[in-house]
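So the sequence shown is numbered by the working numbering: it starts at 2 and just counts up by one.
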Amino acid sequence: MTKAKLNEKMIASQAGYITVHNYDETTREHLSSCVEYLAVGVGLPASSCVDSPAEKLDGMVLCRKSDDSAWEYLPDYRGQTVYSIETGEPQEIIHLGGYPIGTTTSAPATRFDVWNGSEWITDSAALKTAAVKEAEQTKASLRSYANAFINEQQWPSRLALGCLNESEKIKFIIWLDYIDSLNSVDLSNSSHITWPEIPDL
2 MTKAKLNEKM IASQAGYITV HNYDETTREH LSSCVEYLAV GVGLPASSCV DSPAEKLDGM
62 VLCRKSDDSA WEYLPDYRGQ TVYSIETGEP QEIIHLGGYP IGTTTSAPAT RFDVWNGSEW
122 ITDSAALKTA AVKEAEQTKA SLRSYANAFI NEQQWPSRLA LGCLNESEKI KFIIWLDYID
182 SLNSVDLSNS SHITWPEIPD L
């Protein structure tokens, strides 16, 4: 089998067969090797070269340099998840090469974690503020539900008209006591709140 000869421009000066090594046009990752026949005046197929790639290494991918001068090893973290050190948002790596700038492989423990340069630390003040705000919303929601239930039963207006029987008065008082209990809940220690039970009436 006659071997092709190439000139300095990688054009066949003598027809024949030659082994070429193909790489991805976008990622430049080594794909395959094959034997091609080149007629005189014909160059190599697109995205291919004649110098053999080195052996594969774990966690690395052989890629053609952008100037097509040689093969190089690039880290392959594709499929891994990293986290923005600014926002904590996760993102999946889809490109070859090192980890994206401004990311870490360590996941934040809470949405209130901040990056201190080497690890995540929880912003206790922000965590407490958010917990208190959430507790305030819960209290307001429970109070709104209780008032809506009382008004639905028309207890205030019926009491004013003097047409509320004793059984209904007792229920009305129980719900009013429930609202008082809600209002007295201390939200400053939001991690240890015990909410009063909703009357089962």
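Heads up, the beta-carbon is just placed ideally off N, CA and C, and yes, glycines get one too.
Contacts around residue i, its chain only, beta-carbon distance under 6 Å, and the 5 residues preceding and following it disregarded
i           : result
residue 82  : 91, 93
residue 113 : 123, 124, 127, 128
residue 121 : 109, 114
residue 151 : 176
residue 11  : 44, 45
residue 116 : 86
Nearest neighbour of residue i, chosen from the options [CA to CA]
i           : options          : result
residue 74  : 52, 133, 98      : 98
residue 190 : 12, 131, 154, 15 : 131
residue 80  : 68, 16, 95       : 95
residue 58  : 76, 167, 118     : 76
Contacts around residue i, its chain only, beta-carbon distance under 7 Å, and the 5 residues preceding and following it disregarded
i           : result
residue 144 : 180, 183
residue 2   : 18
residue 54  : 22, 31, 63, 72
residue 192 : 132
Own chain partners of residue i with C-beta closer than 8 Å, once the 5 adjacent residues on each side are dropped
i           : result
residue 46  : 21, 23, 37
residue 188 : 133, 136, 137, 140, 194
Anticipated Cβ contact below 8 Å, residue i with residue j, distance rounded
i           : j           : result
residue 105 : residue 86  : 6 Å
residue 84  : residue 100 : Between residue 100 and residue 84 the Cβ distance is about 10 Å, and since that is not below 8 Å, they are no contact.
residue 162 : residue 173 : The pair is not a contact, with the Cβ atoms about 13 Å apart (cut-off 8 Å).
residue 156 : residue 169 : 6 Å
Test: residue i CB closer than 7 Å to a CB of chain C
i           : result
residue 126 : No chain C is present in this structure, which holds just one protein chain.
Beta-carbon proximity of residue i to residue j, cut-off 7 Å
i           : j           : result
residue 176 : residue 149 : no
residue 39  : residue 13  : yes
* To do: Assess, as a yes-or-no matter, whether the region 54 to 64 is touched by the region 26 to 34 under the definition of 3 or more beta carbon pairs within less than 8 Å.
  => As far as the Cβ criterion goes, the region 26 to 34 touches the region 54 to 64, which means the pair count is three or higher.
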